[in-house]
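Sequential numbering from 1 applies to the sequence shown in full-length UniProt numbering. Glycine residues also receive a C-beta, built at the ideal position from the N, C-alpha and C atoms.
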Amino acid sequence: MTSKKITLLRYLFACVCMLLALNLLIDYFADKSDVSSSFSRLSLRKVYRYNGTVLSSTGNASSSGSISHSNNNTNNNINNSLALNSASTTNVSPFANSSNLQQQPQLELHSNNSLNQVNGSKETITTEPLPLCQDPVIEESSPFVPNITLESLDVINDQLGPLLEPGGAFKPKDCIARHHVAIVVPFRDRYAHLSIFLRNIHKFLMQQRIAYRIFIIEQTNGKPFNRAALMNIGFLEAMKLYKWDCFIFHDVDLLPLDNRNLYNCPRQPRHMSVAIDKFNYKLPYRTIFGGVSAMTREHFLTVNGFSNSYFGWGGEDDDMSNRLRNANLFIARYPINIARYTMLKHQKEKANPKRYENLVNGINKIGNDGLNSIKYDIYSYKSYPTFSWYYAELKISEQKS
Ligand code: NGS
């Protein structure tokens, strides 16, 4: 081989090495551009698909829908370059390999571990079972004063994350929680509200001796907002993680104002946001079930969840109220001095002109419009320190009349 050829080969080798190094650098920086930064800026957001994975649910309450996902599903590794059709179908939970399941309150392995020094050398570990948590009993008025100044989600995650388990989960350390509560928040566009909601709701709930997790269910762009469908999705997704006994459906713009307002589920469904400052702390009408409401898993399954037919503002909560009455369930409420809320300011949304028509027909559709008919894809999932985030695309559309 001539020396010219050898020099050429050396150049080629150097070029290949540089290309490899460049590739590694690109990979390194690409991994860091996940969706968390978009949330924390509370502004322009990039949406990445969850590892090219779509979790499909074709709404079967008993099976919680079918799940399709790729084999390579690390929660935090979001890569928008993979095509959706690369997903393979299996019945394994997409969260099974993540650390999320270990964070679930289902692992109630509480114990009092104390180390006793014997003769300065030997250590013995004694394990005592923890007692069941007691609901806090607060006799006097106990105002909860929310902090409604805006802070970035990054700061809130940094401040509250160490007090929580990832995904916005919490359980008391010194007792076994009696109530396992999924807080389901239907969401779109209101990043400032989300940040204020999270900074307050955790402080409020951590004192309540309950195990809980915050589920933020965000609807993708395209179709009008469907609050009820998002709550159905929240129920089905939450049930894939743990068999919660209580579900609290919570608007992101409402903050509780009294510590006696306990976030658990009584024997009857409970309407929680009874007295809102915007309505002069008065109940607007007797059958209202909007804002914040609590239902047991059984209540929710009995009525087939919410109707999916309400696109745009209004009526979906009244439809639930009708479903409850039809199932001989009655709406319970705390008194107005306890069930007090403040509503964060926002513009009034466009009301759905078909809501009354839907309400009239609603009662005949309970059996086939709800948990058992919802169709959706989860485009993206991420476990943030203060909440579990689901980016959901509805595969149902408004019925044309
Ligand atoms: C009723 C709506 C409910 C709504 C309630 C309070 O009129 O969905 O107002 O809304 N029912 C219908 O439109 C049929 S609020 O002002 O709190 O946003 O929850």
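Does residue i pass the burial test, meaning 16 or more other C-beta atoms within 10 Å, or should it be called exposed?
i	result
Y310	buried
P136	exposed
Q134	exposed
E237	buried
A61	Unreliable placement is indicated for A61, whose pLDDT of 33 sits below 50; no coordinate value is reported for it.
H202	buried
S397	exposed
L9	exposed
Q207	exposed
S141	exposed
N345	The sequence given here has Lys at residue 345, not Asn. Classification for K345: exposed.
F300	buried
E128	exposed
F13	exposed
K5	exposed
K382	buried
V360	exposed
E349	exposed
R209	buried
residue 414	Residue coverage of the chain in this structure runs from 1 to 401, which leaves residue 414 outside it and unanswerable.
L329	buried
G291	buried
S373	buried
T296	buried
I336	exposed
N226	buried
M18	exposed
N304	buried
G312	buried
K400	exposed
E298	exposed
On the DSSP bridge list, what partners appear for residue i?
i	result
L394	Y376
C246	V181 and T296
P256	Y341
A351	W313
L132	I176
K382	W389
residue 477	Because the chain spans 1 through 401 in this model, residue 477 falls outside it and cannot be assessed.
Cβ of residue i versus every heavy atom of the ligand NGS: is any distance shorter than 8 Å?
i	result
D317	yes
P284	yes
K354	no
W389	no
I201	no
L359	yes
I276	yes
A351	yes
F279	yes
I288	yes
G314	yes
G291	yes
Chain D beta carbons: is any one of them nearer than 9 Å to that of residue i?
i	result
C133	The structure shown contains no chain D; it is built from a single protein chain.
message = Restricting to runs no shorter than 3 residues, where is the beta strand (DSSP E) found entirely within the UniProt domain "Galactosyltransferase C-terminal" (270-347)?
response = 292-296 and 340-343
key: Uninterrupted beta strand (DSSP E) stretches inside the stretch 156-240 (no shorter than 3 residues)   = 180-187 and 211-219
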